[in-house]
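Asks:
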Amino acid sequence: MTISKFTDKLFSRAALRGIVAIGIFMVFWEVGARSEEWFGHRFPFIGLVPPPTDVFVSWTGLIADPSYWQSWYMSFLRVFGGFMAAMIVGIPLGLLMAVNRTFYGMAFPSFEVLRPIPPLAWVPASIIFWPTQELSIAFVTFLGAFYTIVINVLGGAKSINKQFLQAAQSMGASQWDIFRRIVLPATLPSIVVGSAVGMGITWEVVVAAEMISGGGSSGGGAGGGLGFFIWSSYVGGSYEQIIVGMISIGIAGYISSELLRQLGGLLTPWLKTR
Amino acid sequence: MNTNTQDSAKPRTASFAQSSSEIVANNISKSYGAGPFAKQVVSNCSFSIESNKLTVMIGPSGCGKSTLIQLIAGFESPDKGKITMNGKPITGPGKDRLVLFQESALFPWMTTYDNIMYGPRARGEDNSEAAELAEFLLNKVGLEAFRDKYPQQLSGGMQRRAELARAMINKPEVMILDEPFRGLDNMSKELMWEYYAGLYEEDRNTNFFVTTDIDEAIFLADRLLIMTNLPTSTRAVIEIDIPRPRRIDDIGNNARANEIKKEVMTLLHEEAMKSFSGGSKAAADFLDAYSKRAG
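Note that the protein sequences, when read in sequence, are chains A and B.
Take the first sequence: its letter number 154 is residue 1621 in the numbering used here, and every next letter is one higher.
Take the second sequence: its letter number 181 is residue 183 in the numbering used here, and every next letter is one higher.
Right, dumping it as structure tokens:
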């Protein structure tokens, strides 16, 4: 009872701090952006940015616009697709490398050579390889999350306390049982961390890929994703919309990470007890 | 497998049949590394873990006792010599020899109950008999209220008790404990000594306990193996003829216990002296502590 009250208080105080901080930031931004209008002198950098009130007005206009939500939807779809593919391929690959020495010896060197190549460097090649632009964007997005997930899974599975394995072994557990009930849960926290980091990279990559490839097979306009939304706003000279697009990506990324955190918490209940 | 276990386990669900298993190490040697970097850890070491006795092994820290445990448990095999259990050579790990490690090896992602049930479930014996035994053991180690807690929610002493229960459910013939109470505070440590001695006195199965703590060794042991410094071999064997059940309050005033303690300290002091010339840090520490105590 008292504990929950205490956390409530703490939470509301933390929330209040967040709101105040954002409020102060907005005020500075507004003043800076309107510096020429109000003081006759343009502040450097910030003086060129549209003020938050204009951005807000532009945003309210977009909220009723289906094509704006279509951009959200397309980006989410690509992030989700690429991310899921990275999990489906990356987790087994990482585990296999951790468990099997031979496979590790064969796969790790090529993996390490490919890993430093930034996903965006793959854009031209993937446009050539893949039949549709949609697939090239998905592929580049996949790469964004893939390496991080594999590295985390591999590291997590390799650093399992040896005594866990020995204890299980001496109690008569089979290799399969050790994998399923020791290696897998012991690696789960690393998988969660790897996915969270991978998810962040996925958002970075998808937006850039959408800008470069012109928003996918639908050819731009509606359905181009948030990256394309920003790019077309820039081309169209609507600077307020650029900011709307940027903030939208921030919010979308936050929602994705939060969902992932919640899911991760459900999967690893023993970590909460610390 | 020991057939006695089956016969006498029938009447009560939670009875721990007394088995009589012994482990004999004969002239074993073990070194790590190769070539000029090879380090011999165990050298021509012989000892026996007699059946239905609590054998305690003591030696300066870093003297290779944990290596001996790895060998007895079957996680590694000796370079030379032979370790046998009931006459048969040990070839790998098995549930007849369970190890309690220095640090808690409870699985953090399992509740106390699931940890205890790990052995039976891993062997496909997840039946009502195992469940009943798990309940009995939870009760015995006083953790009924903590059955659905994760290891991090337990205190150090509780973790050790949970681990004892997790080992006991597999009815091991020999229980191997590698400095299990290290890191506990003095109070919990002494409670655990009495608690563990009580468990042992109940069924008198073969137990092998490794420690660096002289008081712990003398309080627990039926037989005390004193090991040399690196490379390890057996320096002396002392039978501890203090009657059971033993109590912490009594042991301090026990003349025999004090006599044995002096003897053990002299032997360990000699070992420390020997390796002191070899520049071992552990030996220097021991000498330092010993001189303070004697002075």
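Positions of the beta carbon are idealized from the N, C-alpha and C atoms, including for glycine.
1) State buried or exposed for N209 (chain B), treating a residue as buried only when at least 16 other CB atoms are found within 10 Å of its CB.
2) Can you name the residues of chain B whose CB is closer than 8 angstroms to the CB of I1649 (chain A)?
3) Mapping DSSP to helix, strand and coil, what is A238 (chain B)?
4) Let me confirm a value: P1576 (chain A) is counted as buried when at least 16 other C-beta atoms fall within 10 Å, else exposed. Which label applies?
5) So for G1572 (chain A), helix, strand or coil by DSSP?
6) Distance, Cα to Cα, R168 (chain B) vs Q1600 (chain A)?
7) Leaving out five residues before and five after V1556 (chain A) in sequence, what residues of the same chain have Cβ atoms less than 7 angstroms from its Cβ?
8) Taking DSSP's pairing of strands, which residues face L56 (chain B) in a bridge?
9) Can you grab the Cα-Cα spacing for the pair F221 (chain B) / L1563 (chain A), in whole Å?
10) Check the Cβ-Cβ distances between L100 (chain B) and every residue of chain E, and say whether any is below 7 angstroms.
11) Go ahead and label G126 (chain B) buried or exposed: buried means 16 or more other beta carbons lie within 10 angstroms of its beta carbon, across all protein chains shown.
12) Look at S45 (chain B) and S22 (chain B) and say whether their C-beta atoms are less than 7 angstroms apart.
13) Using beta carbons (cut-off 7 angstroms, strictly below), is A1640 (chain A) in contact with chain B?
14) Between which two residues does the alpha helix (DSSP H) holding Y1540 (chain A) run?
15) Going along the chain, which unbroken runs of the beta strand (DSSP E) with 3 or more residues stay wholly within the segment 43 to 93 of chain B?
16) If the criterion is Cβ atoms closer than 7 angstroms, does the pair K84 (chain B) and P95 (chain B) meet it?
17) Taking only beta-carbon atoms, is A291 (chain B) less than 7 angstroms away from chain A?
18) At a Cβ cut of 7 angstroms, what residues of the segment 155 to 172 of chain B count as close to chain A, listed as they run along the chain?
19) Taking 7 angstroms as the CB-CB cut-off, is A1689 (chain A) touching chain B?
20) Check the DSSP bridge columns for S33 (chain B) and list the partner residues they point to.
21) From the DSSP output, in three-state form, read off I178 (chain B) for me.
22) Where do the N-terminal and C-terminal ends of the alpha helix (DSSP H) with M1713 (chain A) fall, by residue?
23) Would you say I1718 (chain A) and V1674 (chain A) are within 7 angstroms of each other, going by their C-beta atoms?
Replies: According to the structure shown:
1) In the second sequence, counting from the first residue as 1, residue 209 (chain B) sits at position 207. Here N209 (chain B) is buried, its C-beta having at least 16 other C-beta atoms within 10 Å.
2) As a first step, residue 1649 (chain A) must be located in the first sequence, where it is residue number 182. Going along chain B in sequence order, the residues near I1649 (chain A) (Cβ under 8 angstroms) are F109.
3) As a first step, residue 238 (chain B) is located in the second sequence; it is residue number 236 there, counting from the start. A238 (chain B): strand per DSSP, three-state reduction.
4) Along the first sequence, one-based indexing puts residue 1576 (chain A) at 109. P1576 (chain A) comes out exposed.
5) Here residue 1572 (chain A) corresponds to residue number 105 of the first sequence, with the count starting at 1. In the three-state DSSP reduction, G1572 (chain A) falls in the helix class (H, G or I).
6) Position 166 of the second sequence, counted from the start, is the residue given in the question as residue 168 (chain B). Position 133 of the first sequence, counted from the start, is the residue given in the question as residue 1600 (chain A). Straight-line Cα distance between these residues: approximately 56 angstroms.
7) Residue numbering aside, residue 1556 (chain A) sits at position 89 when the first sequence is read from its first letter. Excluding positions up to five away in sequence, the list reads F1613.
8) As a first step, residue 56 (chain B) is located in the second sequence; it is residue number 54 there, counting from the start. DSSP, once it has assigned bridges, lists B:N209 as partnering L56 (chain B).
9) In the second sequence, counting from the first residue as 1, residue 221 (chain B) sits at position 219. In the first sequence, counting from the first residue as 1, residue 1563 (chain A) sits at position 96. If I take the Cα positions, the gap works out to 48 angstroms.
10) Annotation note: the requested chain E is absent from the structure, which comprises protein chains A and B.
11) Locating residue 126 (chain B) in the second sequence gives position 124, where the first residue counts as 1. Its Cβ having fewer than 16 others within 10 Å, G126 (chain B) is exposed.
12) In the second sequence, residue 45 (chain B) corresponds to position 43, counting from 1. In the second sequence, residue 22 (chain B) corresponds to position 20, counting from 1. No, Cβ-Cβ distance for S45 (chain B) and S22 (chain B) is not below 7 angstroms.
13) Counting from one through the first sequence, the residue named residue 1640 (chain A) turns up at place 173. So yes, A1640 (chain A) belongs to the interface.
14) Counting from 1 along the first sequence, the entry for residue 1540 (chain A) is found at position 73. Here the alpha helix (DSSP H) through Y1540 (chain A) covers 1533 to 1566.
15) Segments of the beta strand (DSSP E) lying fully in the segment 43 to 93 of chain B: 56 to 60, 82 to 87.
16) The residue labelled residue 84 (chain B) in the question sits at position 82 within the second sequence. The residue labelled residue 95 (chain B) in the question sits at position 93 within the second sequence. It is not a contact, given that the beta carbons lie outside the stated cut-off.
17) Start at 1 with the first residue of the second sequence, and residue 291 (chain B) comes out as number 289. Residue contact check for A291 (chain B) against chain A: no CB pair falls below 7 angstroms.
18) Q155, N172
19) Here residue 1689 (chain A) corresponds to residue number 222 of the first sequence, with the count starting at 1. Residue placement at A1689 (chain A) is poorly supported in this model, since its pLDDT is 40, which falls under 50; the coordinates are not used for a value here.
20) One-based indexing of the second sequence puts residue 33 (chain B) at position 31. Looking at the DSSP assignment, S33 (chain B) forms a beta bridge with B:Q42.
21) Along the second sequence, read from residue 1 onward, the residue named residue 178 (chain B) stands at position 176. Note: I178 (chain B) maps to strand in three-state DSSP.
22) Here residue 1713 (chain A) is taken as the residue at index 246 of the first sequence, counted from 1. Where M1713 (chain A) is concerned, the enclosing alpha helix (DSSP H) stretches over 1706 to 1734.
23) Counting from 1 along the first sequence, the entry for residue 1718 (chain A) is found at position 251. Counting from 1 along the first sequence, the entry for residue 1674 (chain A) is found at position 207. No, the pair does not count as a contact, with Cβ atoms beyond the cut-off.
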